[in-house]
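In the UniProt record's numbering, the protein residues as written are 1 to 515.
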Amino acid sequence: MNKRNLLLLKILLFLFALNSLSLCLYFTSHSRTLTPSQTDTQARHSLSLNRLPLTDQNRHPYRYSKPWPILPSYLPWSQTTQAPFRSCEAYFGNGFTNRVDLLKPKKDLSLNRMGWFKCWFSETLRSSVCEGGGLRMDPDKIKMSRGGEILEEVIGRGEEEELPEFQTGAFQIDGGDGISGEDQRLVTQEFLDEYVPHGEIEKHTMRELIGSVRIVPTTELQCNEWIEEPTLLVTRFEYANLFHTFTDWYSAYVASRVTGLPNRPHLVFVDGHCRASLEETWEALFSSLRYAKNFSGPVCFRHLILSPLGYETPLFKGLNEDINCHGASAPDLWQHPDDQKTARLSEFGEMIKAAFGFPVHRHRIEKPASGHNVLFVRREDYLAHPRHHGKVESRLSNEQEVFDALKSWVSNHKECKINLVNGLFAHMSMKEQVRAIQDASVIIGAHGAGLTHIVSAMPKTVILEIISSQYRRPHFALIARWKGLEYHAINLEGSFASPPVVIDKLNNIMGSLGC
Numbered sequence: 001m002n003k004r005n006l007l008l009l010k011i012l013l014f015l016f017a018l019n020s021l022s023l024c025l026y027f028t029s030h031s032r033t034l035t036p037s038q039t040d041t042q043a044r045h046s047l048s049l050n051r052l053p054l055t056d057q058n059r060h061p062y063r064y065s066k067p068w069p070i071l072p073s074y075l076p077w078s079q080t081t082q083a084p085f086r087s088c089e090a091y092f093g094n095g096f097t098n099r100v101d102l103l104k105p106k107k108d109l110s111l112n113r114m115g116w117f118k119c120w121f122s123e124t125l126r127s128s129v130c131e132g133g134g135l136r137m138d139p140d141k142i143k144m145s146r147g148g149e150i151l152e153e154v155i156g157r158g159e160e161e162e163l164p165e166f167q168t169g170a171f172q173i174d175g176g177d178g179i180s181g182e183d184q185r186l187v188t189q190e191f192l193d194e195y196v197p198h199g200e201i202e203k204h205t206m207r208e209l210i211g212s213v214r215i216v217p218t219t220e221l222q223c224n225e226w227i228e229e230p231t232l233l234v235t236r237f238e239y240a241n242l243f244h245t246f247t248d249w250y251s252a253y254v255a256s257r258v259t260g261l262p263n264r265p266h267l268v269f270v271d272g273h274c275r276a277s278l279e280e281t282w283e284a285l286f287s288s289l290r291y292a293k294n295f296s297g298p299v300c301f302r303h304l305i306l307s308p309l310g311y312e313t314p315l316f317k318g319l320n321e322d323i324n325c326h327g328a329s330a331p332d333l334w335q336h337p338d339d340q341k342t343a344r345l346s347e348f349g350e351m352i353k354a355a356f357g358f359p360v361h362r363h364r365i366e367k368p369a370s371g372h373n374v375l376f377v378r379r380e381d382y383l384a385h386p387r388h389h390g391k392v393e394s395r396l397s398n399e400q401e402v403f404d405a406l407k408s409w410v411s412n413h414k415e416c417k418i419n420l421v422n423g424l425f426a427h428m429s430m431k432e433q434v435r436a437i438q439d440a441s442v443i444i445g446a447h448g449a450g451l452t453h454i455v456s457a458m459p460k461t462v463i464l465e466i467i468s469s470q471y472r473r474p475h476f477a478l479i480a481r482w483k484g485l486e487y488h489a490i491n492l493e494g495s496f497a498s499p500p501v502v503i504d505k506l507n508n509i510m511g512s513l514g515c
């Protein structure tokens with residue numbers, strides 16, 4: 001017995017020593033937040049730090065970066081595997097595999113150049129995720145409103161005041177000691193046309209930002225503060241609209257994954273929009289959030305990532321372009337790759353839920369003892385932005401009548417317990433909205449941005465969209481297909497829905513759920 005106890009003690013001590021060694025190696029390898037893609041230049045970076053005006057007083061106190069959560073639908077984002085043109089992975093995942101180096105890290109350490117810049121181009125989406133280091137931003141040379149104000153303080157402000165215009169010197173990059181002080185652009189017009197094309201976007205702010213970058217000698221790169229952690233620059237347009245903000249969220253998430261960031265990046269809005277309720281999700285998804293104009297002076301970044309515009313994501317492009325993709329589970333795709341299937345939207349939906357602290361390991365809706373939740377997403381009046389009059393255009397003229405009829409039907413339904421949830425999203429926090437979506441067996445609603453939340457729905461959730469004749473748009477049918485959700489539509493002749501028709505459709509859906 002003593003020999004057995006001695007053996008167990010030795011095993012425990014060995015496991016403890018092994019675990020301690022693993023932790024030591026882990027923290028040693030993660031002690032620096034320099035990014036990923038420059039392993040061949042880290043020694044150069046270490047030496048170059050001594051050349052730049054970096055002190056304890058001007059180093060920005062970003063001490064913590066949120067880790068990536070473990071997501072059941074996650075699949076690796078490879079920078080070396082070429083996704084087939086117009087495949088689902090090229091649209092929704094890492095189609096950004098065409099690398100273009102604009103400013104390479106100097107191999108000669110004596111040149112002391114910190115600057116580097118490259119873009120990852122997607123042939124399928126015709127856009128680029130660009131990243132660089134040793135970059136300086138001067139907020140005083142970006143013409144736009146301050147941003148981040150309370151909505152009521154800026155009522156009537158024009159949109160043109162909130163969008164950035166980049167003056168000379170707004171962005172600079174360290175070109176080393178050997179470069180002349182003459183005006184030298186980082187990119188040519190030909191490069192922008194090839195890798196950051198306008199497309200149908202009238203004002204392409206990221207293209208303008210990249211076009212404004214100037215290469216300067218190291219001695220001219222003077223900064224009030226340095227940010228060591230990877231930072232994502234984002235410009236938003238329709239920032240108060242949930243659908244368009246989802247495209248921005250998705251683009252920022254993809255840019256973070258494409259560039260292989262070890263943790264969630266910090267975020268800087270390069271726009272002058274006021275605060276909106278949707279910032280709750282931005283703050284949950286990423287490590288921190290600031291507005292460019294909120295910096296007190298020039299700021300330098302060790303690693304900067306430029307997020308493509310939301311208009312360049314498949315969520316938006318799919319409205320006018322045939323994206324033949326269907327949702328599938330990540331384990332199935334891992335075992336049986338299929339160019340016409342994707343789990344990326346499910347991965348992103350799980351990312352949103354994990355960001356708010358909700359469990360993501362559930363793959364199906366478990367019918368609770370309290371019954372099935374049927375979520376009715378409502379459209380309500382609310383003040384969205386400075387140019388908004390506070391009235392939401394009705395897509396379902398008798399919405400209250402339909403809701404009341406469903407409420408009466410549910411109360412008399414004897415086959416099983418059904419809970420009709422009144423989805424007054426305009427009066428709910430973003431976290432409460434996501435919770436309502438994930439707890440729903442069925443989601444009903446008139447065509448409207450609130451239905452974009454189905455990205456975070458459970459795999460077996462059923463969608464029922466009520467579509468007026470004026471708004472026959474494919475937004476949510478497409479999202480449902482790309483997520484692999486069961487989808488039904490009631491197409492109206494005008495904007496009036498017959499309550500018995502809606503009830504009959506819901507009754508059939510509940511029957512398919514065993515209710």
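Glycine residues also receive a C-beta, built at the ideal position from the N, C-alpha and C atoms.
Whether residue i touches residue j by CB criterion (8 Å)
i, j, result
"I210", "A170", "no"
"H326", "R481", "yes"
"Y471", "R395", "yes"
"I374", "L163", "Going by the sequence as given, residue 374 is Val instead of Ile. For V374 and L163, no; Cβs fall outside 8 Å."
"L233", "L289", "no"
"A90", "S65", "no"
"W334", "L75", "yes"
"P298", "R136", "yes"
"M144", "K293", "yes"
"S456", "K353", "yes"
"S329", "K483", "no"
"residue 551", "H303", "Residue coverage of the chain in this structure runs from 1 to 515, which leaves residue 551 outside it and unanswerable."
"I463", "L485", "yes"
"Y239", "H198", "no"
"I444", "V392", "no"
"F237", "E208", "no"
Helix, strand or coil at residue i [DSSP, three-state]
i, result
"N508", "helix"
"P359", "coil"
"I437", "helix"
"L163", "coil"
"N294", "helix"
"D174", "strand"
"P67", "strand"
"M206", "helix"
"S346", "helix"
"V410", "helix"
"G132", "strand"
"H266", "strand"
"M351", "helix"
"W116", "strand"
"S498", "coil"
"K417", "coil"
"H488", "strand"
"W226", "strand"
"K391", "coil"
"F96", "coil"
"L145", "Note that residue 145 is Ser in the sequence shown here, rather than Leu. The answer is coil: DSSP assigns S145 none of H, G, I, E or B."
"P36", "Bear in mind that a pLDDT of 35 at P36, under 50, signals an unreliable position, so the number given afterwards is only what the model happens to contain. Helix at P36."
"M137", "strand"
Closest by C-alpha distance to residue i, when choosing among the options
i, options, result
"T205", "S73, V392, G310 and R257", "G310"
"F348", "T231, D322, H453 and I179", "H453"
"P474", "K407, L319 and G156", "L319"
"G423", "S411, A436, E415 and C416", "A436"
"L513", "H427, K417, A477 and V501", "K417"
"I155", "A426, H385 and D271", "H385"
"F301", "R275, V268 and F286", "V268"
"P308", "P262, L478 and R126", "R126"
"S180", "P197, E165, I150 and P217", "P217"
"V410", "E465, G158, C515 and E493", "C515"
"E493", "I479, S468 and F476", "S468"
"D101", "G260, S78, W77 and S128", "S128"
"F286", "D271, P262 and G272", "P262"
"E350", "P500, V270, A426 and M458", "M458"
Assumed close pair residue i, residue j - CB separation to whole angstroms, cut-off 8 Å
i, j, result
"A440", "T461", "6 Å"
"P139", "F295", "5 Å"
"residue 524", "L192", "The requested residue 524 is not part of the displayed model; the chain covers only 1 to 515."
"G175", "G115", "6 Å"
"R264", "S251", "The pair is not a contact, with the Cβ atoms about 15 Å apart (cut-off 8 Å)."
"N398", "A489", "Actually they do not touch by this definition, with Cβ atoms about 18 Å apart."
Distance cut-off 7 Å: residue i Cβ against heavy atoms of the ligand COA
i, result
"G445", "The ligand COA is absent from the structure shown, which contains no ligands of any kind."
CB contact check: residue i to chain B, cutoff 8 Å
i, result
"S78", "Given the protein chain composition of this structure (a single chain), no chain B is represented."
Check whether the region 428 to 446 and the region 269 to 288 are in contact - that is, three or more C-beta pairs closer than 8 Å. A contact exists between the region 428 to 446 and the region 269 to 288.
Cβ contact check for the region 84 to 92 and the region 329 to 340: 3 or more pairs under 8 Å: The answer is yes - the region 329 to 340 touches the region 84 to 92, with three or more Cβ pairs under 8 Å.
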